[in-house]
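Residue numbers (my numbering), protein chains in the order written: chain A, 4 to 348; chain B, 4 to 348; chain C, 4 to 348; chain D, 4 to 348.
Have a look at the structure below, then the notes.
4 protein chains.
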Amino acid sequence: MIKVAVVGATGYGGAELVRLLSGHPEVALTALTSRTYAGQRLGDVYPNLAPFDYTLEALDVEAVGRADVVFFGLPHGEAMAHVPAVLERGARVIDLSGDFRLKEAALYPRWYGFEHTAPGLLAEAAYGLVETHRAELASARLVANPGCYPTGALLATLPLLRAGLSDPAEIIVDSKSGVSGAGRTSLKLAYHYPEANEDVSAYAVGTHRHTPEMEQEMAAAAGSPVRVLFTAHLVPATRGIFTTAYLSLRPDATRDAIEAAYLEAYGDEPFGVVCGGGAWPHTKATYGSNFAHVAVRVDERAQRAVCLSALDNLGKGMASQAVQCMNLMFGLPEATAVGAPAAYP
Amino acid sequence: MIKVAVVGATGYGGAELVRLLSGHPEVALTALTSRTYAGQRLGDVYPNLAPFDYTLEALDVEAVGRADVVFFGLPHGEAMAHVPAVLERGARVIDLSGDFRLKEAALYPRWYGFEHTAPGLLAEAAYGLVETHRAELASARLVANPGCYPTGALLATLPLLRAGLSDPAEIIVDSKSGVSGAGRTSLKLAYHYPEANEDVSAYAVGTHRHTPEMEQEMAAAAGSPVRVLFTAHLVPATRGIFTTAYLSLRPDATRDAIEAAYLEAYGDEPFGVVCGGGAWPHTKATYGSNFAHVAVRVDERAQRAVCLSALDNLGKGMASQAVQCMNLMFGLPEATAVGAPAAYP
Amino acid sequence: MIKVAVVGATGYGGAELVRLLSGHPEVALTALTSRTYAGQRLGDVYPNLAPFDYTLEALDVEAVGRADVVFFGLPHGEAMAHVPAVLERGARVIDLSGDFRLKEAALYPRWYGFEHTAPGLLAEAAYGLVETHRAELASARLVANPGCYPTGALLATLPLLRAGLSDPAEIIVDSKSGVSGAGRTSLKLAYHYPEANEDVSAYAVGTHRHTPEMEQEMAAAAGSPVRVLFTAHLVPATRGIFTTAYLSLRPDATRDAIEAAYLEAYGDEPFGVVCGGGAWPHTKATYGSNFAHVAVRVDERAQRAVCLSALDNLGKGMASQAVQCMNLMFGLPEATAVGAPAAYP
Amino acid sequence: MIKVAVVGATGYGGAELVRLLSGHPEVALTALTSRTYAGQRLGDVYPNLAPFDYTLEALDVEAVGRADVVFFGLPHGEAMAHVPAVLERGARVIDLSGDFRLKEAALYPRWYGFEHTAPGLLAEAAYGLVETHRAELASARLVANPGCYPTGALLATLPLLRAGLSDPAEIIVDSKSGVSGAGRTSLKLAYHYPEANEDVSAYAVGTHRHTPEMEQEMAAAAGSPVRVLFTAHLVPATRGIFTTAYLSLRPDATRDAIEAAYLEAYGDEPFGVVCGGGAWPHTKATYGSNFAHVAVRVDERAQRAVCLSALDNLGKGMASQAVQCMNLMFGLPEATAVGAPAAYP
């Protein structure tokens with residue numbers, strides 16, 4: 004059995020990890036930490052987990068360091084304070100925050116508003132998008148689990164970028180997210196049910212901290228620099244991110260070649276579904292699951308590809324993707340405990 | 004491996020069965036039937052199942068009869084035409100419709116509007132509420148899976164009725180259901196998104212066909228006749244039934260005895276959660292799962308108990324409850340493939 | 004022009020008052036107060052009012068007392084501290100809180116948790132349900148605007164009670180409310196969008212402070228004491244209350260007499276709609292409006308009437324009802340500024 | 004009084020017209036037609052209109068032609084068959100369909116799939132976007148009411164285009180619409196509540212018939228050809244369209260100049276609200292109203308403007324905009340009967 008600790012088990016991401024890991028046949032949960040609820044039963048904080056007997060404790064680096072792998076579900080800027088000590092104790096780490104996603108430490112002050120305190124680990128951290136970093140992840144000691152928006156944007160665009168069929172100089176990413184992406188702990192008026200229900204709005208146009216993460220991974224796929232203009236939107240749903248990305252096509256890019264690039268990219272992927280023919284990605288088709296539905300449409304008038312993806316921001320966009328990484332790191336079938344299809348409808 | 008057929012696999016109940024059974028380690032799906040979509044991939048009809056390779060076929064009693072167990076997910080009044088032939092071929096049957104729920108054939112014309120064509124099977128059919136019919140179900144050849152509303156009403160009230168703490172002469176059941184209870188095939192204006200969203204309404208006051216089913220099972224628990232006044236409501240949610248039942252208390256019923264009856268009833272049940280203290284049942288805590296959350300509140304002014312339950316109408320109220328039955332019938336742990344906690348939030 | 008002040012203009016009730024009064028041809032808004040947002044534009048706090056030029060100020064009894072009528076939209080227990088002084092200055096008062104709804108001061112400690120500090124005004128306060136207190140309201144100096152739940156329960160049941168067709172000894176009221184009933188200022192986890200969406204739950208079984216208000220008004224209609232068992236539910240909608248009330252029928256009550264009682268009660272009412280035939284009350288049909296849709300169904304097996312109503316908790320259940328009162332108090336047509344049909348869908 | 008007929012009064016647009024016109028002090032509704040419901044009360048078809056006494060009749064060109072103005076709320080391709088005859092009878096016409104929006108008849112076969120049968124009227128038809136065609140509309144005999152998506156896209160981008168601050172060669176328009184945009188009569192699975200709730204998807208990428216309408220009006224504003232790449236999305240809301248448009252900026256366009264263009268464009272407009280500072284457009288702020296909230300954000304890294312708008316697709320995007328036109332055509336204050344702020348929350 005793999006000994007697993009979850010630091011920050013009472014955020015939406017942490018609790019989703021526990022939900023998934025509770026059914027993992029090779030995992031023993033050895034520690035679940037919470038600053039606010041230490042000493043309480045997790046089932047009293049998350050009613051879906053009421054039937055399960057998990058107790059929350061305060062974070063003790065010594066204790067969590069005895070696990071084989073530690074998931075961090077803390078707010079941005081907090082994991083980096085604890086991760087070095089945990090790694091030293093021999094545990095492997097999967098961090099759900101943005102703390103280890105960017106390779107360039109200098110980007111943190113600008114996009115995250117803090118100086119990185121463990122910049123030496125950035126080069127080592129493997130970016131946890133299994134579809135593109137599988138080999139590296141298998142042996143990784145430290146994994147930076149992708150952001151929810153980048154997961155959607157990357158799965159939608161990377162096949163096109165890798166195939167060299169588009170001009171990567173400027174990519175417009177327009178994403179629509181359910182409200183659970185805002186987390187559970189910050190009770191802002193914007194997420195108060197009467198305000199968020201039946202509302203659509205945009206935020207963080209061009210300033211969202213997920214932007215450099217997209218650019219980094221897209222550039223790696225394209226082999227040349229990428230500039231992303233990213234707009235995030237809130238839609239009245241609990242879960243789900245739908246991404247619409249606009250890329251310029253190279254003059255010689257044919258519809259056939261473009262569609263083939265997607266079929267090839269996801270043909271062997273256990274969690275990538277390409278929607279062709281009359282089918283479209285729908286966030287509902289991914290609810291609670293690790294699947295991502297992807298499509299590409301070509302607009303010949305504009306000589307543009309419109310790249311679409313749908314996923315669950317707490318699933319493939321966060322917790323189940325992290326479990327998929329863990330499976331890979333420990334030599335298990337990737338789909339262990341995360342292979343269930345979405346609940347539908 | 005248990006060979007399993009699902010007749011009517013493209014209704015919400017049938018598709019939920021496939022979703023659950025796709026992860027069942029002891030099940031081989033040998034036939035999935037659909038009148039409308041025969042010949043198509045199930046994954047083209049249900050996008051959450053797109054990653055799975057299931058093909059739909061027309062109903063062939065011979066073929067499905069070769070399974071060890073056949074789930075029927077047909078509209079009321081249709082299963083009774085096929086079940087006798089399937090049983091003759093040696094398969095066991097779990098029927099999700101109301102066709103075998105009532106012991107008295109004479110009730111069908113009044114409540115369902117049809118004459119029963121296989122009344123000889125009614126006595127044999129085991130009522131699939133595991134919490135009260137476990138022994139009988141283990142050896143049953145034919146199971147009548149409970150209705151979604153009755154499941155909620157029975158789980159809420161049976162502990163009180165069995166303990167003899169209430170007067171069963173009249174029970175008021177006020178239930179609130181998500182719209183998926185209306186099924187997928189009937190596209191009525193009432194379920195058109197713009198009409199159903201942000202709307203609450205009642206229907207079928209005192210005339211709902213689930214009424215005699217509640218009365219039958221409540222009377223069995225109470226040991227005396229029960230008259231139920233049942234009101235169904237539609238609320239703007241996809242899944243979930245919340246039930247509020249009002250029962251008169253016997254003069255000597257104490258709060259302690261009442262609460263004890265619930266703790267005792269569900270103490271060893273794998274899927275019953277009693278909400279005490281400050282906790283309340285929430286449908287969200289059961290989304291996509293086989294769990295039911297139950298609570299009892301005592302109003303001393305009115306000398307009444309208010310019995311509450313929350314469950315997923317497609318889960319414990321339909322498909323996962325049917326799988327729980329199947330596990331029991333085949334000697335497997337009850338929670339196999341249906342033990343996952345609800346996705347939350 | 005009627006000079007109108009709104010004290011507490013930034014709660015949902017206060018802002019809805021301003022929305023309605025902004026279109027009232029006989030009203031001049033002379034003061035809008037807010038503790039939290041004094042000095043700001045109301046349109047910066049409520050984006051729907053952005054096009055309107057209203058400025059918020061701190062509460063100054065002297066200033067608001069110069070109005071002809073002052074609406075109070077403060078939390079329970081706060082209006083009673085200011086109302087006497089405002090009345091002394093000659094203004095009339097319509098209070099949206101519960102502070103003046105109960106005739107018996109002794110009920111406040113038990114149900115509201117405070118001692119009433121202006122008990123001398125309770126006898127004088129007119130209960131603002133126009134349908135039953137029209138004459139009294141026309142000349143009232145102080146109006147206690149009904150609670151949202153009581154408005155629904157009373158409109159559903161009073162015709163039956165007044166007609167003497169039911170046994171008033173025990174009435175069960177089961178109400179389903181949208182989340183805006185919780186107000187805007189208390190950002191609790193229960194109202195966080197991801198938690199409240201796709202959830203149904205009950206709260207305050209038998210302990211809700213709207214209970215004695217229902218009992219008081221029902222008893223007045225029935226001419227004998229009434230005991231109400233009230234259960235409140237939260238459903239995933241922004242606006243709307245749906246009420247289902249269960250009453251025992253007298254042995255001689257006929258369906259015809261019952262239905263006639265409703266048609267008579269609402270035949271001349273501008274805002275009461277009786278749903279007969281195949282029609283049912285729907286909260287959506289009342290969204291943003293002052294209309295209430297009402298129906299009665301008779302269950303002969305149970306010898307019970309099931310009384311139904313649907314309304315907008317911020318409309319007929321709060322702000323537009325208060326404007327209807329004001330119109331009556333100032334001799335205007337009742338529907339002035341509140342006669343618009345609901346937005347649909 | 005202006006005599007008004009509504010042809011197609013039982014679609015969402017037609018019923019919204021009736022809702023608004025029922026409160027118009029200068030309007031007498033002389034005919035409401037419906038193919039499906041002729042002979043019935045409109046209040047039996049639309050429960051929000053139950054309190055109003057309107058009867059539906061079959062379309063009789065003679066009869067509706069006696070009105071001063073006829074609103075057409077028929078599906079695309081049907082109004083053009085009746086409009087010439089109605090105009091001949093001396094009535095003015097406001098058509099809510101796309102039949103008269105495009106100046107070039109040759110575009111209809113490609114985008115709408117039909118040959119235009121009254122091409123001679125296209126030149127005469129005034130495009131009903133009051134903000135840009137006010138003078139022309141005042142005297143128009145035939146008005147083509149804008150599409151819901153174009154209204155959002157045009158209000159978001161025209162100030163920038165008119166000011167010459169952007170390069171109009173390619174504009175990307177990414178819109179998110181509530182489900183009521185699909186209408187009431189087509190009960191498709193995609194709009195079945197359980198399927199549409201908690202789902203986000205895209206449709207009609209690059210092929211939506213609103214595309215040439217956007218291009219026509221944007222080109223007129225820019226003074227040079229415009230190519231629009233338009234993607235429509237469905238989000239789980241009843242009403243509301245949120246538009247995010249991406250435009251390239253000219254090298255000399257400053258943030259100050261851009262923001263000034265919006266303030267100038269909407270400074271005197273009764274229904275345009277510019278969101279600056281920390282404010283963002285929200286569809287909720289426009290629910291049921293004729294207001295549009297607009298914002299522009301500049302991304303200097305990408306040298307792009309992101310132009311945002313929020314409106315009610317059945318309000319400013321359809322029915323209330325048509326009433327605003329009518330007011331203008333008859334010399335009334337534009338806000339008559341459509342000046343109410345949105346219901347909020």
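Where is the CB? At the ideal position from N, CA and C, for every residue including glycine.
- Contact of A:K287 with chain B is assigned, a C-beta pair being separated by under 9 Å.
- It is roughly 10 Å from the alpha-carbon of A:V72 to the alpha-carbon of A:T33.
- The beta carbon of C:E198 sits closer than 9 Å to some beta carbon of chain B.
- What A:V182 touches in chain C, judged by beta-carbon distance under 7 Å, is Y196, P197, going in chain order.
- In this structure, DSSP gives D:Y15 a helical state, which the three-state scheme calls helix.
- Counting other Cβ atoms within 10 Å of its Cβ, B:M4 stays below 16 and is therefore classed as exposed.
- Straight-line measurement puts the Cα of C:T286 at about 12 Å from the Cα of B:H236.
- Listed by position along chain C, the residues whose Cβ is nearer than 9 Å to that of D:A193 form an empty set, because the closest Cβ is around 16 Å away.
- Contact between C:C328 and C:V89 is absent: CB atoms are separated by about 16 Å, not below the 8 Å threshold.
- For B:V297, DSSP records a beta bridge to B:V277, B:S312.
- Residue environment for B:P228: exposed (fewer than 16 other C-beta atoms within 10 angstroms of its C-beta).
- Taken in chain order, the unbroken stretches of beta strand (DSSP E) that lie wholly in the segment 122-172 of chain A and span 3 residues or more are 145-147.
- When the beta-carbon positions are compared, C:I244 and C:G155 come within less than 9 Å of each other.
- By alpha-carbon distance to B:A94, the top candidate from B:E118, B:R144, B:G42 is B:R144.
- In the assembly as shown, A:R113 is an exposed residue. Its beta-carbon has fewer than 16 other beta-carbons within 10 Å.
- In the structure shown, B:K179 adopts extended strand secondary structure according to DSSP, grouped into three states.
- In this structure A:L59 touches A:L35 by the C-beta definition: roughly 5 Å separates them, less than 8 Å.
- By the Cβ test, the segment 268-285 of chain C is in contact with the segment 319-338 of chain C, since at least three Cβ pairs between them sit closer than 8 Å.
- D:K319 has its alpha-carbon roughly 6 Å from the corresponding atom of D:F294.
- Against chain B, a Cβ distance below 9 Å from D:T13 picks out nothing, because the smallest value is about 11 Å.
- By the Cβ criterion, the segment 213-233 of chain B is in contact with the segment 94-112 of chain B, since at least three pairs of Cβ atoms, one from each stretch, lie closer than 8 Å.
- DSSP, read as helix, strand or coil, puts B:L20 in helix.
- Between D:D56 and the set D:L99, D:L62, D:V21, D:V86, the nearest pair of CA atoms involves D:V21.
- Between the alpha carbons of C:A70 and C:V48 lies a distance of about 24 Å.
- Out of B:A305, B:Y115, B:A224, B:S312, the CA that lies nearest to the CA of B:T289 is found in B:S312.
- Interface with chain D (9 Å Cβ-Cβ cutoff): A:P348 is included.
- Among the residues of chain B, those whose CB is under 8 Å from the CB of D:L190 are L190, K191, L192, H195, following chain order.
- Between D:D315 and D:G291, the beta carbon gap of about 6 Å places them in contact (Cβ cut-off 8 Å).
- Neighbourhood of B:G209 in chain C, by CB distance below 9 Å: R300, V301, D302, E303, R304, A305, R307, V309, in chain order.
- Measuring C-alpha to C-alpha distances from C:H27 to each of C:S169, C:R38, C:T339, C:S204 identifies C:T339 as the nearest.
- Taking 9 Å as the cut-off, the beta carbon of B:A248 is found closer than this to the beta carbon of B:A159.
- The C-alpha of B:L45 lies about 33 Å from the C-alpha of B:S204.
- At a Cβ-Cβ threshold of 9 Å, A:G80 and A:Y130 do not count as neighbours.
- Judged by their CB atoms, C:E262 and C:V299 are nearer to each other than the 9 Å cut-off.
- For B:H85, the secondary structure class from DSSP, reduced to helix, strand or coil, is helix.
- Spanning the alpha carbons of A:E19 and A:L110 requires a straight line of approximately 29 Å.
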